[in-house]
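Comments concern the structure below.
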Amino acid sequence: DVKVTQSSRYLVKRTGEKVFLECVQDMDHENMFWYRQDPGLGLRLIYFSYDVKMKEKGDIPEGYSVSREKKERFSLILESASTNQTSMYLCASSLPTYQETQYFGPGTRLLVL
Amino acid sequence: QKEVEQDPGPLSVPEGAIVSLNCTYSNSAFQYFMWYRQYSRKGPELLMYTYSSGNKEDGRFTAQVDKSSKYISLFIRDSQPSDSATYLCAMSPYSGAGSYQLTFGKGTKLSVIP
Numbered sequence: 008d009v010k011v012t013q014s015s016r017y018l019v020k021r022t023g024e025k026v027f028l029e030c031v032q033d034m035d036h037e038n039m040f041w042y043r044q045d046p047g048l049g050l051r052l053i054y055f056s057y058d059v060k061m062k063e064k065g066d067i068p069e070g071y072s073v074s075r076e077k078k079e080r081f082s083l084i085l086e087s088a089s090t091n092q093t094s095m096y097l098c099a100s101s102l103p104t105y106q107e108t109q110y111f112g113p114g115t116r117l118l119v120l
Numbered sequence: 015q016k017e018v019e020q021d022p023g024p025l026s027v028p029e030g031a032i033v034s035l036n037c038t039y040s041n042s043a044f045q046y047f048m049w050y051r052q053y054s055r056k057g058p059e060l061l062m063y064t065y066s067s068g069n070k071e072d073g074r075f076t077a078q079v080d081k082s083s084k085y086i087s088l089f090i091r092d093s094q095p096s097d098s099a100t101y102l103c104a105m106s107p108y109s110g111a112g113s114y115q116l117t118f119g120k121g122t123k124l125s126v127i128p
């Protein structure tokens with residue numbers, strides 16, 4: 008059974024803090040993605056990675072960075088959290104040949120005060 | 015014009031009703047079409063996947079694609095309260111290495127009332 012896990016379900020941070028969101032998949036997928044989901048705006052792609060140490064910007068990369076040191080792990084970093092980064096963060100993974108089928112984690116609900 | 019349009023609802027139906035959820039799109043290169051279901055405070059889960067035009071059925075769910083009209087639909091027969099969720103359409107232009115991004119609709123929130 009496919010499994011994407013995220014390190015936290017809920018997180019509360021202060022403005023200016025450095026925030027790490029971790030995502031791990033156990034399906035040996037090459038592709039991994041970070042989205043944020045906001046009411047009225049839907050899912051927006053922040054970054055994706057198609058291989059270890061490779062990354063590509065999505066639609067809204069500003070204020071975020073990512074790290075992929077191992078195939079199964081993809082981290083999203085908020086260098087200096089701001090209140091407008093309060094959101095639901097979703098990680099997903101897929102195979103490159105069936106890349107259309109993305110498997111999502113349960114999400115991390117981040118509140119920045 | 016947004017690439018994918020989806021009515022956000024909310025849509026409220028009685029148990030047992032037939033539900034029709036729809037998306038329109040503008041990019042004629044889209045060939046792969048998906049429906050995801052997302053329960054409250056959970057991640058989306060893949061429900062249906064179709065390629066190009068035509069129908070695909072899986073139990074109570076039927077996905078339809080009309081590429082000539084750039085219109086996709088998800089039908090739910092004999093709807094159940096457990097179908098209450100947000101339904102997201104998603105699509106991509108082609109498969110294979112180098113094509114990684116899905117374009118999502120904003121989702122339609124469905125409530126099935128017992």
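Line by line, the protein sequences are chains A and B. Here the first sequence is numbered in my numbering, starting from 8 and rising by one per residue. Here the second sequence is numbered in my numbering, starting from 15 and rising by one per residue. From the three backbone atoms N, C-alpha and C, an ideal C-beta is built for every residue, glycine too. Just so it is clear, the structure is predicted and the values come from calculations on it, not from any experiment.
Counting along the chain, the unbroken beta strand (DSSP E) around A:GLN13 starts and ends at 11-13. Contact annotation: A:THR93 and A:VAL73 have beta-carbon atoms that are not nearer than 7 Å. Taking all protein chains shown into account, A:GLY49 has 16 or more neighbouring C-beta atoms within 10 Å of its C-beta and is therefore buried.
Among the bridge pairs identified by DSSP, A:ARG116 is matched with A:TYR17 and A:MET95. B:LYS120 counts as buried, since at least 16 other C-beta atoms from the protein chains shown sit within 10 angstroms of its C-beta. Contact with chain B is absent for A:PRO46, since none of that chain's Cβ atoms lies less than 7 Å from the residue's Cβ. Remark: C-beta atoms of B:GLY57 and A:LEU97 approach each other more closely than 7 Å. For the segment 27-65 of chain B, the continuous beta strand (DSSP E) assignments of 3+ residues that do not extend past its boundaries occur at 33-39, 46-52 and 59-65, in sequence order.
Remark: C-beta atoms of B:THR122 and B:GLN52 do not approach each other more closely than 7 Å. Taking the Cα of A:CYS30 as reference, the smallest distance to any Cα among A:LYS10, A:GLN44 and A:ASP45 is reached at A:LYS10.
Residue state for B:SER96 is assigned as helix, using DSSP reduced to three classes.
Taking 7 Å as the upper bound on Cβ-Cβ separation, chain A lies near residues LEU60 and TYR63 of the segment 60-79 of chain B. By the Cβ-count criterion, B:GLN94 is exposed, with fewer than 16 other Cβ atoms from all chains shown falling within 10 Å of its own Cβ.
According to the DSSP assignment, B:GLU19 belongs to the beta strand (DSSP E) that extends over 18-20. Here the segment 36-48 of chain B does not lie against the segment 40-56 of chain A, with fewer than 3 beta-carbon pairs under 8 Å apart.
Neighbours of B:PHE118 in chain A, taken as residues whose beta carbon is under 8 Å from its own, are GLY49 and LEU50 in chain order. By alpha-carbon distance to B:ALA31, the top candidate from B:SER106, B:GLN20 and B:SER98 is B:SER98. Going by C-alpha positions, A:ASN38 is about 21 Å away from B:LEU102. When secondary structure is reduced to three states using DSSP, A:THR22 falls in the coil class, being assigned neither helix nor strand. Note: A:SER82 is bridge-paired with A:GLU29 and A:SER74 in the DSSP secondary-structure output.
Chain-order list of chain A residues neighbouring B:GLY23: empty, with the shortest C-beta distance near 12 Å, by a criterion of under 8 Å. For A:PHE111, the closest Cβ of chain B is nearer than 7 Å. Interface annotation, B:GLY30: not in contact with chain A, CB-CB separation never under 7 Å.
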